[in-house]
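In what follows, a structure is listed as structure tokens, so that the remarks can point back to it.
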Amino acid sequence: MTQQPIGATPKKEGTALKVRKKPRRTIFLQMRKNYSSYLFLMPKLLLFILFVAIPVVWAFVLSFQEYKVFGSEFVGIDNYIKVFESEAFRIALKNTLLFTVVTVPFSVISALVIASMIFVLGKLSQSFFRSAFYLPTVTSMVIIAMVWRWMYNYEFGLFNYVLGWFGIEPLNWLGQSSSALWALIIMQCLIPFGVGIIMYLASMGSISESLYEAARIDGASTFKQWLYITVPLLKPTTLYLVLLSTIGSFQVFTQIIMMTGGGPGSATETLVHLIYKTGFRDFEFGFAAAQSVVLFVIILIFSIIQFRVLRHDE
Amino acid sequence: MKKNSFNGLNKLIIYVLLTIFAVVSLLPLYWVFSTSLQLSSYQSKDMERPISYVDANPPKMYPMGIPLYFEHWSGAREAKKADNIEDEKYHREMMEHIVDNTFSSFKSLFQKHDIGKWFFNSLYISVVVTFGILLIDSMAGYVLAKKKFPGRNLIFWIIISTMMIPGQVTLVPLFMMIRDLELMDTHWALILPDLSMVFGVFLMRQFMYSIPDELLEAARMDGASEWRTFWTVVLPLAKPGLAALGIFTFMNVWNSFLWPIIVLNSAELYTLPVGLKTLQDANLASFKLLMSGATVAAIPMIIVFILFQRYFVKGLTIGGVKE
Amino acid sequence: MLSIASLGLAASVLAACSDDTKEVGTADEFKGKITVWDGPRWPDKDENKFHWLEAKIKEYEDAHEGVEIELVQVPWAEMGDKLGVAIAGKSWPDIAPVDISGSAVSIDHIEQGVVEPLDDYFDKEAKADFYENALDAYTYDGKMYGIPNSITLHSMLLNLDLFAEAGVTPPEGGEWTYEEFLDAAKKLTFDRDGDGKIDVYGFSTYIMPGYYEAWPFFYKNGGSPLNEDMTEFTFDTPEVVQAIQDLADLKLKEKVAPETHGGNDVGGTFQAWANEEQRTVAMQPWATWAIGAAQGKYPTNFAVANYPTGESEKPTTIGGVGGWVMFHQGEDANKKAAVADFMKFISTTEEQYHMAQNYGIFPARVSAAEMDPFKDNPEMTRAMEMSDQVVMLPRHPEWRKIDEAIQTQLQLVFNGEKSAEDAMADAKKAVDELLK
Chain A
13 MTQQPIGATP
23 KKEGTALKVR
33 KKPRRTIFLQ
43 MRKNYSSYLF
53 LMPKLLLFIL
63 FVAIPVVWAF
73 VLSFQEYKVF
83 GSEFVGIDNY
93 IKVFESEAFR
103 IALKNTLLFT
113 VVTVPFSVIS
123 ALVIASMIFV
133 LGKLSQSFFR
143 SAFYLPTVTS
153 MVIIAMVWRW
163 MYNYEFGLFN
173 YVLGWFGIEP
183 LNWLGQSSSA
193 LWALIIMQCL
203 IPFGVGIIMY
213 LASMGSISES
223 LYEAARIDGA
233 STFKQWLYIT
243 VPLLKPTTLY
253 LVLLSTIGSF
263 QVFTQIIMMT
273 GGGPGSATET
283 LVHLIYKTGF
293 RDFEFGFAAA
303 QSVVLFVIIL
313 IFSIIQFRVL
323 RHDE
Chain B
205 MKKNSFNGLN
215 KLIIYVLLTI
225 FAVVSLLPLY
235 WVFSTSLQLS
245 SYQSKDMERP
255 ISYVDANPPK
265 MYPMGIPLYF
275 EHWSGAREAK
285 KADNIEDEKY
295 HREMMEHIVD
305 NTFSSFKSLF
315 QKHDIGKWFF
325 NSLYISVVVT
335 FGILLIDSMA
345 GYVLAKKKFP
355 GRNLIFWIII
365 STMMIPGQVT
375 LVPLFMMIRD
385 LELMDTHWAL
395 ILPDLSMVFG
405 VFLMRQFMYS
415 IPDELLEAAR
425 MDGASEWRTF
435 WTVVLPLAKP
445 GLAALGIFTF
455 MNVWNSFLWP
465 IIVLNSAELY
475 TLPVGLKTLQ
485 DANLASFKLL
495 MSGATVAAIP
505 MIIVFILFQR
515 YFVKGLTIGG
525 VKE
Chain C
54 MLSIASLGLA
64 ASVLAACSDD
74 TKEVGTADEF
84 KGKITVWDGP
94 RWPDKDENKF
104 HWLEAKIKEY
114 EDAHEGVEIE
124 LVQVPWAEMG
134 DKLGVAIAGK
144 SWPDIAPVDI
154 SGSAVSIDHI
164 EQGVVEPLDD
174 YFDKEAKADF
184 YENALDAYTY
194 DGKMYGIPNS
204 ITLHSMLLNL
214 DLFAEAGVTP
224 PEGGEWTYEE
234 FLDAAKKLTF
244 DRDGDGKIDV
254 YGFSTYIMPG
264 YYEAWPFFYK
274 NGGSPLNEDM
284 TEFTFDTPEV
294 VQAIQDLADL
304 KLKEKVAPET
314 HGGNDVGGTF
324 QAWANEEQRT
334 VAMQPWATWA
344 IGAAQGKYPT
354 NFAVANYPTG
364 ESEKPTTIGG
374 VGGWVMFHQG
384 EDANKKAAVA
394 DFMKFISTTE
404 EQYHMAQNYG
414 IFPARVSAAE
424 MDPFKDNPEM
434 TRAMEMSDQV
444 VMLPRHPEWR
454 KIDEAIQTQL
464 QLVFNGEKSA
474 EDAMADAKKA
484 VDELLK
């Protein structure tokens, strides 16, 4: 089942393999002949080495050091031990997990539902709604966080006003441990998953009409067609979106620093905010590096699990 | 899921639901604009103390200056009819005050704060990075897609595999790298790491595949140099891909936040998101001022989005290719 | 702590170095660049809030050919974080306006040699012009690590219009007990328009790491966060716990503070007191900058008062000392001398007097205070009288983290999730861990 969206072209594999089989002299010859290719690659490669590759390696090295302004020292796996013993890290991990577990399914499912609704409309309406749902995503998270902080304001906020309609007492949304993280979760859920909507729309467009034709002859209702044909066929897109939004939500940061600073108490402390704080407020660079390596491993494990689960139950 | 399987009523329900969802998702943005123009101080003759519609309970859903302006406008007209000069003067003054106050925060942003500078910084950094990325990523993407040379696949896979690593992992070492290059508190500290983002290489490589080999072959036959072929044949063909990449780069750089707050110290070097944070942190900033700053930061992206919408869609769907 | 030994070693090595090269250098022989950080101060007519230092720089450059001084403008709210990053990145400026006990520069940094001692440039007589507590704040291990420039403290600001409206007499001479304060707060909490909703509250403040407006209330029965030799957390004594609970209960029990009391919205809290369109809170504690704001940008009819007294019967406030610090210099003794020279140049008696008048801070030099910069400013004069009530925060290398551990627990007391007793017991666990 292929529904690669626009622009995708089949791979042309094997060229490199052929090269590899040739004797060493020929490789050098090949390299000389293709010097212009290396020149084309050069700028990106240099930047990549300097600002991506070296820092990645450096991060691992750092995580085994204790940083001092004048000279650091190796401390073995002390930083990693500290990560696993740290109460703050445990709380941040718990908060981040809760945030992810609620927002990711909600975002992806609502993107699927909205995209399905948009898909049946006419061309003009399609592009109108697509834009309406994508527009909030092009705005900086800083702005979104600023306005949501205001909407959650106890005295003047929109939310407490709306609660008032239903006769509910105003809520100190961001001020209570019990509600602060949920306020951030609600906010994340109500920001439309624009990327998801657009990708679902594109993938739906490439599902063959004949599949539905057959189902209709069998007398399947529109909803059943959606549930048994559309949704399963969209699985690769769903997998991609789940991975994408999981990675994104593990890195939640801007909302935290703009809206709660991790408080009250540590109710909204998240992993990336903790890493930022450890690194750039307490200046324990080694500890921060160890935390980020652990974060990377956690994301990796999550991605693999999701990959497995969403792949296998077909 | 055939379109015509939905009759009028079903469609109507879908329209209504989608409209509700759209309103909810656009509400925060509307709230930014509305608050930035909200009347923050108003005191008519019969009011004991001035009130602010920004900090109003219940919140005002639209800029109150609009209805109040018309109220005073008609008040002035009636006073004129009745030859009540004093009253007319009062209404005229109130009208003036309403207009002044409605736009006051924008005025003060540009006069008392550095927002003009921040805007310029954001704009030029975004433009420089965008064009830089377009050039170097399309060069890299081109040879990775169309040339055969030793190490090609290895280089590609190394570059792509780092896409999996969250940016926070390299935050600290990248900071040290910038420090060792003595680029702290300069715009280079933003531009260089942004230029090394790898997503564009992946995207351009995907796109370059679709350029027919015959065209490149033809150019080579004509004796064009590699660079000329790239510049005159490849780049024009890659325009849609470039547009998509350009927009995403621009958006990313324009909105980037975590990195700039770490490497920039001088207020005059701040980009808009960083500047907005300092506005929020400063104790004396009113909410109207903050939302006005947010408006200034949001409008350019919205314009870019509206102008280049179709490329957004294209970029997302190329970027989403799996396997 | 693993690093203590190496720290001590580094410090002693550095000390040894500076002893060997006792050569002080000559400021006039220096040619080159000096970098200064500063935050926005008072505006000139073009709204330029850096004009004072810019003018001083120009003056200095004109008098010293070949010296170039670069000013880096950093917002105050970012100063601590930015400086911390710069220190970690070894890209510090030559001069910055910070104190050495606080968030950006800590004792730890001094021990690592990040801050230069200035004793070579100030003899006993020169030091004598500074208030003792101001000088103390910049002294560590017998050495002077900065030039004190200003003293700030926290005081209670009372909105007199609201006092009049509620028919409450402000405390005589600004002195009152906690009972009198609570009584006033109760009367100042009222429903103005009879709609059943409270329009004005008696009191509010906020709780956030790095902010100490609320803290003098916690000292009212005596006590302090750490014991004398800073080995133990002592904010969990019954008198302190009671004081914390009392302040939280203003909202939780007495209902004389709004729901946002003890929250983290600094700007919103200030607006509620100062903004003409709001004025929904009658009394708030603030640092001295707010006095200037209430006299200027937010004109308010207000009075300055002491923090109310508790069982210890003596009024207390938390203060800080601002000043200029010189960061680690290389081998160039002449440059070091020139940097010190410029630092002196911007912190003379005249400059401190000038700054006190325009910027609303108390001079750290006795001679500047004697020029009576606030003779036309009763509010500032009143606040200055509180100088002898000032208590300084403990100066511990890990203070930043200790502070955060305490303040995050305090937040939970103020939103009613924990009793002060439980919260401080939890804080003790965290802080004692840091003190080990």
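Chains as they are written, first to last, in our numbering: chain A, 13 to 326; chain B, 205 to 527; chain C, 54 to 489.
Glycine residues also receive a C-beta, built at the ideal position from the N, C-alpha and C atoms.
As the structure is a prediction and not an experimental result, all values here were calculated from the model.
Using a C-beta cutoff of 7 Å, does A:N184 count as contacting chain C? At a cut-off of 7 Å between C-beta atoms, A:N184 counts as an interface residue with respect to chain C.
Closer than 9 Å at the beta carbon, the chain A residues around C:E131: Near C:E131 there are no residues of chain A at all, since even the closest Cβ is about 12 Å away, more than 9 Å.
If we cut at 7 Å on Cβ distances, does B:T521 have a partner in chain A? Put simply, the CB of B:T521 is near chain A, with a gap under 7 Å to one of its CB atoms.
Leaving out the 5 sequence neighbours to the left and right, which residues in its chain are closer than 8 Å to B:E430 when beta-carbon positions are compared? Same-chain partners within the cutoff: there are none.
If the cut is a Cβ gap below 8 Å, which residues of chain C does A:D294 touch? R453, K454, listed in chain order.
Helix, strand or coil: which one does DSSP assign to C:L211? Three-state result, C:L211: strand.
Residues that DSSP places opposite C:M379 in a beta bridge: For C:M379, the beta-bridge partners assigned by DSSP are C:I148.
Quick check: what's the CA-CA separation for A:V174 versus A:A104? Straight-line Cα distance between these residues: approximately 31 Å.
A:K260 to B:P397, Cα distance in whole Å? According to the sequence as given, residue 260 of chain A is Gly; it is not Lys. Straight-line measurement puts the Cα of B:P397 at about 20 Å from the Cα of A:G260.
Counting only beta-carbon separations shorter than 7 Å, does B:K316 have a partner in chain C? Judged by the 7 Å Cβ criterion, B:K316 is in contact with chain C.
Under a Cβ-count criterion, where at least 16 other Cβ atoms within 10 Å of its own Cβ denotes burial, should B:T436 be classed as buried or exposed? B:T436 comes out exposed.
Thinking C-alpha only, which one of A:Y212, A:W185, A:G206, A:L255 is nearest B:M367? The option with the nearest alpha carbon to B:M367 is A:L255.
Cβ-based burial, B:I224 [other Cβ within 10 Å; buried from 16]: Under this definition B:I224 is an exposed residue.
8 Å contact criterion, which C:T242 and C:I251 should meet: CB distance rounded: Indeed, because the Cβ distance is near 6 Å, the residues count as touching under 8 Å.
In whole angstroms, what is the alpha-carbon distance linking B:K481 and C:A458? Looking at the two C-alpha atoms, the distance is approximately 24 Å.
Which same chain residues, not among the five before or five after A:Q77, have their C-beta less than 7 Å away from its C-beta? Shown here for A:Q77: same chain residues with a beta carbon closer than 7 Å to its own, the five before and five after excluded, namely S84, E85, F86, V87, G298 in chain order.
Mind listing which residues of the segment 156-172 of chain A have their C-beta closer than 8 Å to chain C's C-betas, in chain order? Only N165, Y166, E167 from the segment 156-172 of chain A bring a Cβ to less than 8 Å from some Cβ of chain C.
A:S220 burial status per 10 Å Cβ neighbour count (16 or more: buried): Under this definition A:S220 is an exposed residue.
Along the segment 466-493 of chain B, what residues have a CB closer than 7 Å to any CB found in chain A? Residues passing the 7 Å Cβ filter: I466, P477, L480, K481, Q484, F491.
So, for B:T177: in the same chain, excluding its five sequence neighbours on each side, which residues have a beta-carbon less than 7 Å away from its beta-carbon? Missing from the structure shown is residue 177 of chain B; chain B here goes from 205 to 527 and no further.
To the nearest angstrom, how far is the alpha carbon of A:V305 from that of C:W268? Rounded to whole angstroms, A:V305 to C:W268 spans 38 Å at the Cα level.
Would C:V168 pass as an interface residue toward chain A - the criterion being a Cβ-Cβ separation below 7 Å? Taking 7 Å as the threshold, the shortest C-beta distance from C:V168 to chain A does not fall below it.
Which listed residue (A:T272, A:K94, A:T234, A:L53) has its alpha carbon closest to that of A:A378: The first residue shown for chain A is 13 and the last is 326, placing residue 378 of chain A beyond what the model contains.
May I have the straight-line CA-CA distance separating C:F271 from C:Y231, to the nearest angstrom? Taking the straight line joining both Cα atoms gives about 12 Å.
Take the Cβ of B:K249 as the centre, count every other Cβ of all protein chains shown within 10 Å, and call the residue buried at 16 or more, exposed below. Under a 10 Å Cβ-count criterion, B:K249 is classified as exposed, with fewer than 16 other Cβ atoms of the shown protein chains found around its own Cβ.
Candidates B:A283, B:A442, B:E282: closest to B:M343 by CA position: Ranking B:A283, B:A442, B:E282 by Cα distance to B:M343 puts B:A442 first.
Reduced DSSP secondary structure (H/G/I, E/B, other) of B:E529: Absent from the model: residue 529 of chain B. The displayed extent of chain B is 205 to 527, so no value can be given.
State the Cα-Cα distance for the pair B:D417 and A:Y50, rounded to the nearest angstrom. Their backbone Cα atoms lie some 19 Å apart in a straight line.
Which residue spans inside the segment 234-315 of chain C form an unbroken alpha helix (DSSP H) run of at least 4? Unbroken alpha helix (DSSP H) runs of no fewer than 4 residues, entirely contained in the segment 234-315 of chain C, are found at 268-271, 291-305, following chain order.
Using a Cβ distance threshold of 8 Å, determine whether the segment 433-444 of chain C contacts the segment 147-158 of chain C, with at least three qualifying pairs required. The way I'd put it, the segment 433-444 of chain C doesn't touch the segment 147-158 of chain C; fewer than three beta-carbon pairs between them come closer than 8 Å.
Buried or exposed by the 16-neighbour rule on C-beta atoms within 10 Å, applied to B:V402: For B:V402, the number of other beta carbons within 10 angstroms of its own is at least 16, and it is reported as buried.
Residues that A:F4 contacts on chain C, provided the C-beta gap is smaller than 8 Å: Since the first and last residues shown for chain A are 13 and 326, residue 4 of chain A lies out of range.
Return the chain-ordered list of same chain residues with a C-beta closer than 7 Å to the C-beta of A:I203, the five sequence neighbours on each side being excluded. So the qualifying residues of the chain are P148, I156.
Our contact map puts A:T249 next to A:S215 with C-beta atoms below 8 Å; I'd like the distance itself, whole angstroms only. Taking 8 Å as the upper bound for CB-CB distance, A:T249 and A:S215 are in contact here, some 4 Å apart.
Once you ignore the five residues that flank C:E312 on each side, which residues in its own chain have a CB closer than 8 Å to its CB? Taken in chain order, the residues that qualify are K304.
For A:I141, which residues in the same chain have their Cβ closer than 6 Å to its Cβ, ignoring the five residues on either side in sequence? Note that residue 141 of chain A is Phe in the sequence shown here, rather than Ile. Its chain contains I130 as the residues whose beta carbon lies nearer than 6 Å to that of A:F141, once the 5 sequence neighbours on both sides are disregarded; these appear in chain order.
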